[in-house]
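Chemist: Start counting at 1 in the sequence shown, then tack on 9, and there's your number in our numbering.
The structure's right below; bear with me while I get my questions together.
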Amino acid sequence: MAIYVILKRTDFRLCMIVTVILVPVAIAFVVINFGQTDGLSSPGPGTNNATNSTGPNSTATLQFLIVVSRHGNRPPLDSFPIWSHPKNDTAVWPYGPDSLTKLGRVKTYRLGA
10 MAIYVILKRT
20 DFRLCMIVTV
30 ILVPVAIAFV
40 VINFGQTDGL
50 SSPGPGTNNA
60 TNSTGPNSTA
70 TLQFLIVVSR
80 HGNRPPLDSF
90 PIWSHPKNDT
100 AVWPYGPDSL
110 TKLGRVKTYR
120 LGA
């Protein structure tokens, strides 16, 4: 039942299409940019990568990171009769079924959104 409700949503379809396109592109980008080696051996243990950032013996370091998050903590999309907190219980889910919970709002704010 819950899967049927999710599959009906156009947001889910759009998310799947974007995922199918972006994941292979991201993998190709990583393989092309970080899979190249110059044939030299990597520095041994104890080598500080921060000081070895240029030249023929340089090592790759993480320079930039992007985290993409679509969902925060949300109430359930569907409920069953045996659940103690159904999806339309405004005492538990005061912002409605499609909105973030209080914890979801805090986490989204901390991420910078």
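Glycine is no exception: its CB is placed at the ideal position from the N, C-alpha and C atoms.
These numbers were taken from a predicted model, which means no experiment stands behind them.
If you draw a straight line from the C-alpha of A37 to the C-alpha of S108, how long is it?
Modeler: Taking the first residue of the sequence shown as position 1, residue 37 is located at position 28. Taking the first residue of the sequence shown as position 1, residue 108 is located at position 99. Using only the alpha carbons, I get a separation of about 35 Å.
Chemist: Taking only the alpha-carbon atoms, compute the straight-line gap between G68 and V76 and give it to the nearest angstrom.
Modeler: Taking the first residue of the sequence shown as 1, we reach residue 68 at position 59. Taking the first residue of the sequence shown as 1, we reach residue 76 at position 67. At residue 68 the sequence reads Thr, which differs from the Gly that was named. Distance between the alpha carbons of T68 and V76: 23 Å.
Chemist: Which class does Y104 belong to by DSSP, given the choice of helix, strand or coil?
Modeler: In the sequence shown, the residue the question calls residue 104 occupies position 95. Of the three classes helix, strand and coil, the one that applies to Y104 here is coil, per DSSP.
Chemist: Can you find the residues in the same chain that come closer than 7 Å, C-beta to C-beta, to T117, ignoring five residues on each side of it along the sequence?
Modeler: Residue 117 sits at position 108 when you count from the first residue of the sequence shown. These residues qualify, in order along the chain: G81 and L109.
Chemist: Determine the burial state of W92: buried for a count of at least 16 other Cβ atoms within 10 Å of its Cβ, exposed for fewer.
Modeler: In the sequence shown, counting from the first residue as 1, residue 92 sits at position 83. Flag for W92 reads exposed.
Chemist: Just the C-alpha distance for G113 and C24, rounded to the nearest angstrom, thanks.
Modeler: Mapped onto the sequence shown, residue 113 falls at position 104. Mapped onto the sequence shown, residue 24 falls at position 15. Cα-Cα distance, rounded: 19 Å.
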